[in-house]
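In our numbering, the protein residues as written are 19 to 482.
Just so you know, even glycine gets a beta-carbon here, dropped at the ideal spot from N, CA and C.
Owing to the predicted nature of the structure, the values given are computational and were not obtained by experimental measurement.
Have a look at this one:
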């Protein structure tokens, strides 16, 4: 690729002050006002949605999001910043092909390792032109610099893409507490004041309900917003409204306004798990602890070992659910059995699959009593599989989301699935698909238009 350029500030002096002292003063004023409105003890967010207009219009609303990050200075070392393309048409999602972004407050280095990982996704490309003059990401950088100090940046502009594509990017870089996600979006554009208030309230109600059906009339960054919502639903995040105003509130003219919101997405308390699994946490920690205890106790009962866990009478266990239970020993697979479709209460399903993984997986001898303390238990709860209609194998490969999709392949009497965890050992879509065909007993390179394909996501928890 050669020596990468530094992207200079393109909208300093237009969207925000170009002079360092004036910019710092503006940021301080916005953030101090926002901090006075903060609820005491508010949890630090994993992700925020914030607007990207000129500071005179949306700076106060953006500050409501950034004031919530005050406790993350020194902890967050990477920011994944995603917004919509405004000036150049892009097919997919664009990285800037730069090594850094400059602002009046200094230089922000690009996380090149993270960018290189994303370049392995089929929808991600480099486009210096898309980033050159776009304001959607740049206006956030001074807020981030002022609030977080030093960090590395992953800047992405979304063009013609799907929410699933954004979700795949977020899953690939979700990380742990070192990673913050910022989605850049305004709300409705150029409605009268009263109409905008009604429309923006409907939009925000959908965001808070984690309904990923926002359109581009409601929010210019709708694709990125929907992608974040998809991930938030799977990972058990809660959305919280921090601020909702429009340019009629901040700049005065109420005849044609633009809407702005600040929303925080907060993770549940992390479940007990090995550090390597931190990025794969989803759902609530309490549920994970109950499910892991349930699986281990079911195996222990068969071996005559008392390993009863807490919460076995939790109400959520009575709801229908589909699960997989995976056992490993010293990092090697020791058994894995599961259900693809919910057909009994989740608690019963986990107990059954735990015993089956330990004693009825035909690939392994039944688990011995002396192995009980050496195994590591992982429980995955599956979302309902979603059928995929594809035009052929190439279409399927293009639509697979590495690290996200579990896949079910069915052809006649041949059927097999891979959990999303399998992407860790088979990160290339073609390898993933070919190995799944082999598991189903189909020859390498085989394809038929009669093939049935479905994908699903999982929430998973693992013992430390």
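1. Apart from the five residues on each side of it in sequence, which residues of its chain come closer than 6 Å, Cβ to Cβ, to residue 421?
2. What span of residues does the alpha helix (DSSP H) with residue 267 cover, start to end?
3. With C-beta atoms as the reference, is residue 204 less than 8 Å away from residue 70?
4. Does the contact criterion of 3 or more C-beta pairs under 8 Å hold for the segment 219-226 versus the segment 151-168?
5. Give me, in chain order, the residues of the same chain whose beta-carbon lies closer than 7 Å to that of residue 230; leave out the 5 immediate sequence neighbours on both sides.
6. Please list the terminal residues of the continuous alpha helix (DSSP H) segment that includes residue 163.
7. By a C-beta neighbour count over all protein chains shown, 10 Å radius and 16 as the cutoff for buried, is residue 241 buried or exposed?
8. How many whole angstroms separate the CB atoms of residue 72 and residue 46, which I take to be in contact at a CB cut-off of 8 Å?
9. What is the DSSP secondary structure of residue 7, reduced to helix, strand or coil?
10. Can you say whether residue 361 is buried or exposed, counting buried as having 16 or more other CB atoms within 10 angstroms of its CB?
11. I need the DSSP call for residue 130, collapsed to helix, strand or coil.
12. Are there 16 or more other CB atoms within 10 angstroms of the CB of residue 104, so buried, or fewer, so exposed?
13. Could you pull out every residue in the same chain whose Cβ sits closer than 6 Å to the Cβ of residue 291, ignoring the five residues on either side in sequence?
14. Do you know offhand how far residue 465's Cα is from residue 411's?
15. From residue 419 to residue 77, what distance separates their C-alpha atoms?
16. So which of 23, 56, 474 and 415 has the shortest CA-CA distance to residue 463?
17. May I have the straight-line CA-CA distance separating residue 377 from residue 388, to the nearest angstrom?
18. Our contact map puts residue 3 next to residue 93 with C-beta atoms below 8 Å; I'd like the distance itself, whole angstroms only.
19. Can you name the residues that DSSP bridges to residue 23?
20. So who's on the other strand from residue 406, going by DSSP bridges?
21. Once you ignore the five residues that flank residue 144 on each side, which residues in its own chain have a CB closer than 6 Å to its CB?
22. Rounded to the nearest angstrom, how far is the Cβ of residue 66 from that of residue 83, given a contact under 8 Å?
23. Taking the CB atoms as reference points, tell me whether residue 127 and residue 133 lie closer together than 8 Å.
24. What are the boundary residues of the beta strand (DSSP E) that residue 200 is part of?
25. Under 8 Å, do residue 314 and residue 208 count as touching if we go by C-beta distance?
26. With a threshold of 16 other CB atoms inside 10 Å of the CB of residue 367, please say whether the residue is buried or exposed.
27. Measuring straight from C-alpha to C-alpha, what distance separates residue 259 and residue 140?
28. For residue 426, does the three-state DSSP call read helix, strand or coil?
29. Could you give the residue range of the alpha helix (DSSP H) that holds residue 342?
30. Taking DSSP as the reference, what is the three-state secondary structure of residue 92?
31. Going by beta-carbon coordinates alone, are residue 176 and residue 98 separated by less than 8 Å?
32. When the distance is taken between beta carbons, is residue 110 closer than 8 Å to residue 79?
33. Going by CA-CA distance only, name the one from 321, 96, 331 and 232 that's closest to residue 308.
34. Rounded to a whole number of angstroms, what is the C-alpha to C-alpha distance between residue 343 and residue 425?
35. In the structure shown, what three-state DSSP assignment does residue 49 receive?
36. Is the beta carbon of residue 81 less than 8 Å from the beta carbon of residue 49?
So, to answer that:
1. Translated into the one-based positions of the chain shown, residue 421 becomes position 403. Cβ neighbours of residue 421 beyond the five flanking positions: 189, 190 and 441.
2. In the chain shown, residue 267 corresponds to position 249, counting from 1. Run containing residue 267: 265-268, per the alpha helix (DSSP H) assignment.
3. As a position in the chain shown, residue 204 is number 186, starting the count at 1. As a position in the chain shown, residue 70 is number 52, starting the count at 1. Yes, they are a contact pair.
4. Counting Cβ pairs under 8 Å, fewer than three are found: no touch.
5. Working through the chain shown from its first residue, we reach residue 230 at position 212. For residue 230, where only same-chain residues beyond five positions count, the Cβ hits under 7 Å are 181, 244, 247 and 248.
6. To locate residue 163, count along the chain shown from 1; it is residue 145. Boundaries of the alpha helix (DSSP H) around residue 163: 159-166.
7. Translated into the one-based positions of the chain shown, residue 241 becomes position 223. It counts as buried.
8. Locating residue 72 in the chain shown gives position 54, where the first residue counts as 1. Locating residue 46 in the chain shown gives position 28, where the first residue counts as 1. The pair is not a contact, with the Cβ atoms about 18 Å apart (cut-off 8 Å).
9. As displayed, the chain neither begins before 19 nor continues past 482, which places residue 7 out of reach and without an answer.
10. Mapped onto the chain shown, residue 361 falls at position 343. Residue 361 is exposed by the Cβ-count criterion.
11. Here residue 130 refers to the residue found at position 112 when the chain shown is read from its first residue. If DSSP states are grouped into helix, strand and coil, residue 130 belongs with the helices.
12. Locating residue 104 in the chain shown gives position 86, counting from the first residue. Residue 104 comes out exposed.
13. Position 273 of the chain shown, counting from 1, holds the residue named residue 291. Unreliable positioning characterises residue 291 in this predicted model, as indicated by a pLDDT of 33, which lies under 50. The coordinate reading is nonetheless provided below. Once the five neighbours on either side are set aside, the close Cβ partners of residue 291 are 480 and 482.
14. Position 447 of the chain shown, counted from the first residue, corresponds to residue 465. Position 393 of the chain shown, counted from the first residue, corresponds to residue 411. Cα-Cα distance, rounded: 7 Å.
15. Along the chain shown, read from residue 1 onward, the residue named residue 419 stands at position 401. Along the chain shown, read from residue 1 onward, the residue named residue 77 stands at position 59. A straight line joining the alpha-carbon of residue 419 with that of residue 77 spans about 35 Å.
16. Stepping through the chain shown from its first residue, residue 463 is reached at position 445. Checking every option, the nearest Cα to that of residue 463 belongs to 415.
17. Locating residue 377 in the chain shown gives position 359, where the first residue counts as 1. Locating residue 388 in the chain shown gives position 370, where the first residue counts as 1. Rounded to the nearest angstrom, the two C-alpha atoms are 14 Å apart.
18. Because the chain in this structure spans residues 19 to 482, residue 3 falls outside the shown range and cannot be described.
19. Here residue 23 is taken as the residue at index 5 of the chain shown, counted from 1. According to DSSP, which records beta bridges pairwise, residue 23 is partnered with 116.
20. Locating residue 406 in the chain shown gives position 388, where the first residue counts as 1. Residue pairing by DSSP places residue 406 opposite 471 in a beta bridge.
21. If you number the chain shown from 1, residue 144 lands on position 126. Cβ within range, chain order: 113 and 115.
22. Along the chain shown, one-based indexing puts residue 66 at 48. Along the chain shown, one-based indexing puts residue 83 at 65. Rounded to the nearest angstrom, the Cβ distance from residue 66 to residue 83 is 4 Å, consistent with a contact under 8 Å.
23. Position 109 of the chain shown, counted from the first residue, corresponds to residue 127. Position 115 of the chain shown, counted from the first residue, corresponds to residue 133. Taking 8 Å as the Cβ cut-off, residue 127 and residue 133 do not qualify as a contacting pair.
24. For the purposes of this step, residue 200 is identified with residue 182 of the chain shown, where counting begins at 1. If you look at residue 200, you'll find it in the beta strand (DSSP E) that goes 197-202.
25. Taking the first residue of the chain shown as position 1, residue 314 is located at position 296. Taking the first residue of the chain shown as position 1, residue 208 is located at position 190. Going by C-beta atoms, residue 314 is not nearer than 8 Å to residue 208.
26. Within the chain shown, the letter at position 349 stands for residue 367. Around the CB of residue 367, 16 or more other CB atoms lie within 10 Å, so the residue is classed as buried.
27. To locate residue 259, count along the chain shown from 1; it is residue 241. To locate residue 140, count along the chain shown from 1; it is residue 122. Each residue's Cα considered, the two are about 33 Å apart.
28. Position 408 of the chain shown holds residue 426. Residue state, collapsed to three classes: strand.
29. Taking the chain shown and counting its residues from 1, one reaches residue 342 at position 324. For residue 342, no alpha helix (DSSP H) encloses it; the enclosing beta strand (DSSP E) starts and ends at 340-347.
30. What you label residue 92 is simply residue 74 of the chain shown in a count that begins at 1. Correct three-state label for residue 92: coil.
31. Counting from one through the chain shown, the residue named residue 176 turns up at place 158. Counting from one through the chain shown, the residue named residue 98 turns up at place 80. Not in contact: residue 176 and residue 98 (Cβ atoms no closer than 8 Å).
32. For this step, residue 79 is matched to residue 61 along the chain shown. For this step, residue 110 is matched to residue 92 along the chain shown. No; because the gap between Cβ atoms is not below 8 Å, this pair is not in contact.
33. Position 290 of the chain shown holds residue 308. Of the listed residues, the one whose Cα sits closest to residue 308 is 331.
34. In the chain shown, counting from the first residue as 1, residue 343 sits at position 325. In the chain shown, counting from the first residue as 1, residue 425 sits at position 407. Looking at the two C-alpha atoms, the distance is approximately 17 Å.
35. For the purposes of this step, residue 49 is taken as residue 31 along the chain shown, with counting starting at 1. Here residue 49 sits in helix by DSSP.
36. Taking the chain shown and counting its residues from 1, one reaches residue 81 at position 63. Taking the chain shown and counting its residues from 1, one reaches residue 49 at position 31. Yes, Cβ-Cβ distance for residue 81 and residue 49 is below 8 Å.
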